[in-house]
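Peer 1: Sequence lines, in order, name chains L and Z. Using the UniProt record's numbering, the first residue of the first sequence is number 1, and each one after it goes up by one. Using the UniProt record's numbering, the first residue of the second sequence is number 1, and each one after it goes up by one. Heads up, the beta-carbon is just placed ideally off N, CA and C, and yes, glycines get one too.
Protein chains: 2
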Amino acid sequence: MIDRAVAGRDQPATTLLGPGDDAAVVRAPDGAVVASTDMLVQGRHFRLDWSSPEQVGRKAVAQNGADIVAMGAWPTSFLVAIGCPPTTPVAVTDALTAGIWAEVAEFDAGVIGGDMVQAEQLVVSITVLGDLGGHAPVLRSGARPGDQVAVAGRLGWSAAGLAVLLAELDGFAELIAAHKVPRPPYRSGPIAARAGATGMTDVSDGLVADLGHMCTASGVAVDLDSALLEPGPELAAAAEALGADALDWVLTGGEDHALVATFPADVPLPEGWRRIGSVLAGEGVLVDGRSRAGGGGWQSFD
Amino acid sequence: MIDRAVAGRDQPATTLLGPGDDAAVVRAPDGAVVASTDMLVQGRHFRLDWSSPEQVGRKAVAQNGADIVAMGAWPTSFLVAIGCPPTTPVAVTDALTAGIWAEVAEFDAGVIGGDMVQAEQLVVSITVLGDLGGHAPVLRSGARPGDQVAVAGRLGWSAAGLAVLLAELDGFAELIAAHKVPRPPYRSGPIAARAGATGMTDVSDGLVADLGHMCTASGVAVDLDSALLEPGPELAAAAEALGADALDWVLTGGEDHALVATFPADVPLPEGWRRIGSVLAGEGVLVDGRSRAGGGGWQSFD
């Protein structure tokens with residue numbers, strides 16, 4: 001199965017030695033490598049009655065890749081460990097690995113190593129390596145009072161898509177697709193780093209939650225401007241059909257893997273980035289100057 | 001749980017940015033990084049009624065580390081993803097991560113990233129990164145006719161320990177310990193590389209099987225000298241008690257993660273290495289000049 005997963009695949013120039021030996025060797029041109037790992041478990045992070053195995057593979061790679069671009073780096077290599085029941089059809093593992101390779105191709109990266117073992121449920125564990133291209137990494141801890149807060153990519157689409165699926169609503173294909181396979185704005189990460197971003201993270205747990213982690217790491221507060229977070233027509237339509245609050249999806253929905261970053265006040269925001277608020281002295285995440293932790297009614301606010 | 005696993009742990013100088021951001025950053029001094037990944041699943045790769053969680057953690061790190069030293073490199077960093085049932089006691093995950101850190105300390109390496117998620121069974125997926133220290137990697141494909149074949153570390157101990165456990169024999173504590181936590185001869189890998197090893201791999205599937213992979217990759221045959229593979233008194237005693245063939249454990253037992261390498265005929269073998277045979281033109285693994293694939297009676301011979 002491992003042979004099937006790697007046979008005939010092209011490796012990028014960064015792969016000095018691909019799969020097949022005890023370990024792979026990857027170029028790290030600037031003398032440092034960025035690394036992150038994530039594990040996805042069937043029934044918890046994906047459902048095979050909702051998502052195709054190919055979509056699961058794409059999603060697993062996307063969420064790992066987003067962690068690398070959120071440092072301002074670019075993924076070069078992925079290592080993939082898959083656990084699956086012995087009854088798993090070969091077509092399923094083939095589609096899973098095809099999805100992995102398809103998303104890896106978005107980065108012109110390679111799958112350089114892997115392991116495939118028997119397990120009671122499908123488990124996909126991915127490690128991604130990336131290259132900083134000579135730049136310093138952009139950390140969560142770099143936000144400073146006075147900075148602009150900006151976002152690249154979609155907010156709330158995955159959460160809205162999940163709500164549509166759970167309610168078994170017809171339509172809203174774009175939202176459902178966003179839930180099944182996130183489309184993180186990969187190139188916006190290195191672009192932000194080169195434009196002078198002071199802090200950055202990807203939105204995996206929700207905008208308020210992930211900005212909260214940045215505020216804690218940076219020792220600052222963030223004030224979001226709700227007028228700049230206006231949900232688009234897709235979210236508004238789904239919210240109306242479901243009797244839900246579209247702004248709540250925008251503020252608390254995770255898994256879209258948008259990027260949120262802070263920039264000095266005098267820096268013009270680069271392509272793909274839009275302003276959503278400001279960094280202040282203090283702590284925590286405000287919306288329109290008010291903390292909604294106390295009486296705002298968001299269970300997921302933190 | 002991730003916080004518990006990384007809090008208060010020292011990071012080596014190679015860790016430029018440890019856990020806590022979207023990704024970690026690791027030094028890669030010579031411009032390349034060696035990487036490998038392995039997944040261990042409860043019930044398949046370990047049993048918690050036989051092994052303590054700490055032993056499972058040590059074993060998971062050991063088998064990953066062995067892949068790096070088998071390239072002649074040295075591990076610098078580990079990324080650890082753990083899936084476990086929600087009912088798992090904190091004492092179990094604490095002991096598991098303590099075992100992981102204990103074995104990682106054998107390399108003066110660091111755990112630089114991780115993920116902990118709910119799963120139906122305990123799954124430990126580890127990725128290891130290593131540094132070549134400016135040397136070329138030692139590949140499986142480098143063996144040449146005329147080379148000496150040499151081994152560092154134990155052969156057959158893990159298989160004998162497993163047989164003892166399965167038979168519920170008393171005694172043989174050293175063999176059982178060898179099965180629960182392999183003790184690969186880590187330093188012998190880089191030592192072999194510096195001494196001029198032409199090819200190298202670690203013995204994870206068994207000496208004959210792993211040498212077979214080397215023969216295929218190198219386009220050569222290997223002739224092992226059974227007189228140089230004489231099982232020691234521990235294996236002999238267990239074989240007598242079980243009515244088993246100790247040489248069979250030596251030739252086919254895996255999981256000790258011994259290192260097997262080839263050296264030019266005129267190279268004095270470095271410390272820790274002992275000669276066990278020769279590289280010939282041809283294909284496959286012979287013992288005392290004869291192929292035992294046909295009538296030798298080893299099911300696992302390949």
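(1) DSSP state of Ser-300 of chain Z, grouped into three classes?
(2) Mapping the DSSP letters down to three states, classify Met-200 of chain Z as helix, strand or coil.
(3) Is it true that the CB of Gly-206 of chain Z sits closer than 9 Å to the CB of Arg-183 of chain Z?
(4) Look at the Cβ atom of Thr-198 of chain L, then the Cβ atom of Ala-281 of chain L, and state whether they are nearer than 9 Å.
(5) Is there at least one Cβ from chain Z nearer than 9 Å to Asp-108 of chain L's Cβ?
(6) Between Leu-254 of chain L and Leu-96 of chain L, what straight-line distance do the alpha-carbon atoms span, to the nearest angstrom?
(7) Return the CA-CA distance between Val-56 of chain Z and Gly-8 of chain Z, expressed in angstroms with no decimal places.
(8) Does chain Z have any CB closer than 9 Å to the CB of Arg-44 of chain L?
(9) I'd like the span of the alpha helix (DSSP H) that includes Trp-101 of chain Z, first residue to last.
(10) Could you tell me how far apart the beta carbons of Pro-231 of chain Z and Gly-156 of chain Z are, in whole angstroms, since I believe they sit closer than 8 Å?
(11) Contact defined as beta carbons within less than 8 Å: I believe Ala-160 of chain L pairs with Leu-211 of chain L. What is the distance between those atoms, to the nearest angstrom?
(12) Please list, in chain order, the chain Z residues whose beta carbon lies closer than 8 Å to that of Val-222 of chain L.
(13) Starting from the beta carbon of Ile-68 of chain L, find every residue of chain Z whose beta carbon is closer than 8 Å, and list them in chain order.
(14) In chain order, what residues of the region 220 to 246 of chain L put their CB closer than 7 Å to some CB of chain Z?
(15) Which residues does DSSP pair with residue 346 of chain Z in a beta bridge?
(16) Starting from the C-beta of Gly-294 of chain Z, find all residues in its chain whose C-beta is less than 6 Å away, skip the five residues before and the five after it, and write them out in chain order.
(17) By the criterion of Cβ-Cβ separation under 8 Å, what are the contact partners of Leu-129 of chain L in chain Z?
(18) Within 10 angstroms of its Cβ, does Asp-115 of chain L collect 16 or more other Cβ (buried), or is it exposed?
(19) Pick helix, strand or coil for Trp-50 of chain Z, following the three-state DSSP scheme.
(20) Run through the DSSP bridge pairs and tell me what Arg-275 of chain Z is partnered with.
(21) Of all Cβ atoms in chain Z, is any one closer than 9 Å to the Cβ of Val-117 of chain L?
(22) At 8 Å on the CB atoms, spell out the chain L contacts of Asp-49 of chain Z, in chain order.
(23) Beta-carbon within less than 6 Å of Ser-51 of chain L's beta-carbon, same chain only, minus the 5 sequence neighbours each way: which residues are those?
(24) With a cut-off of 8 Å on the beta carbons, I'd call Val-34 of chain L and Val-25 of chain Z a contact; round off their distance for me.
(25) Between the region 102 to 118 of chain L and the region 75 to 92 of chain L, are three or more C-beta pairs nearer than 8 Å?
(26) Mind checking whether Ile-100 of chain Z and Ile-126 of chain Z have CB atoms under 9 Å apart?
(27) Thr-201 of chain Z touches chain L at which residues, Cβ-Cβ below 9 Å?
(28) Would Ala-238 of chain L pass as a contact of Ala-163 of chain L if the rule is Cβ separation under 9 Å?
(29) DSSP on Gln-42 of chain L, reduced to helix/strand/coil?
(30) When we look at the beta-carbon of Phe-301 of chain L and count the other beta-carbons within 10 Å, is it buried (16 or more) or exposed?
(31) Could you list which residues in chain L have their beta carbon closer than 7 Å to that of Ser-125 of chain Z, in chain order?
(32) Could you confirm whether any beta carbon from chain A is found closer than 9 Å to the beta carbon of Gly-156 of chain L?
(33) Does residue 304 of chain L pass the burial test, meaning 16 or more other C-beta atoms within 10 Å, or should it be called exposed?
(34) Counting only beta-carbon atoms, is Gly-114 of chain L nearer than 9 Å to chain Z?
(35) Enumerate in chain order the residues of its own chain whose CB-to-CB distance from Gln-42 of chain L is below 6 Å, with the five nearest sequence positions on each side excluded.
(36) Counting only C-beta atoms, is Gln-11 of chain Z closer than 9 Å to chain L at any point?
Peer 2: Walking through what the data contain:
(1) Note that Ser-300 of chain Z has pLDDT 35, beneath the 50 cutoff, so the model's placement of it is unreliable and the number below is only indicative. Correct three-state label for Ser-300 of chain Z: coil.
(2) strand
(3) no
(4) no
(5) no
(6) One point to set straight first is that residue 254 of chain L is Gly, not Leu, in the sequence displayed. So the two alpha carbons sit approximately 23 Å from each other.
(7) 22 Å
(8) yes
(9) 90 to 105
(10) 7 Å
(11) Actually they are not in contact, since the Cβ atoms of Ala-160 of chain L and Leu-211 of chain L sit about 20 Å apart, beyond 8 Å.
(12) Under the 8 Å cutoff, chain Z gives no residues; its nearest Cβ is about 17 Å from Val-222 of chain L.
(13) Asp-22 and Ala-23
(14) none
(15) An answer regarding residue 346 of chain Z cannot be provided, because it is not within the stretch 1 to 302 covered by chain Z.
(16) Because the pLDDT of Gly-294 of chain Z is 39, which lies under 50, any placement of that residue in the model is unreliable, and the number read from its coordinates should be weighed accordingly. Closer than 6 Å at Cβ, skipping near neighbours: no residue.
(17) Val-33, Ala-35 and Leu-129
(18) buried
(19) coil
(20) Z:Ala-150
(21) yes
(22) Going along chain L, no residue has its Cβ under 8 Å from Asp-49 of chain Z, so there is no contact; the nearest lies around 17 Å.
(23) Lys-180
(24) 5 Å
(25) yes
(26) yes
(27) Asp-21 and Asp-22
(28) yes
(29) strand
(30) Any answer about Phe-301 of chain L is weak, because its pLDDT of 32 lies below 50 and its placement is not dependable; what the coordinates show is given next. So Phe-301 of chain L counts as buried.
(31) Met-39, Ala-81 and Ser-125
(32) The chain labelled as chain A is not found among the protein chains of the depicted structure, namely L and Z.
(33) Absent from the structure is residue 304 of chain L, since the part of chain L shown begins at 1 and ends at 302.
(34) yes
(35) Gln-121 and Leu-122
(36) no
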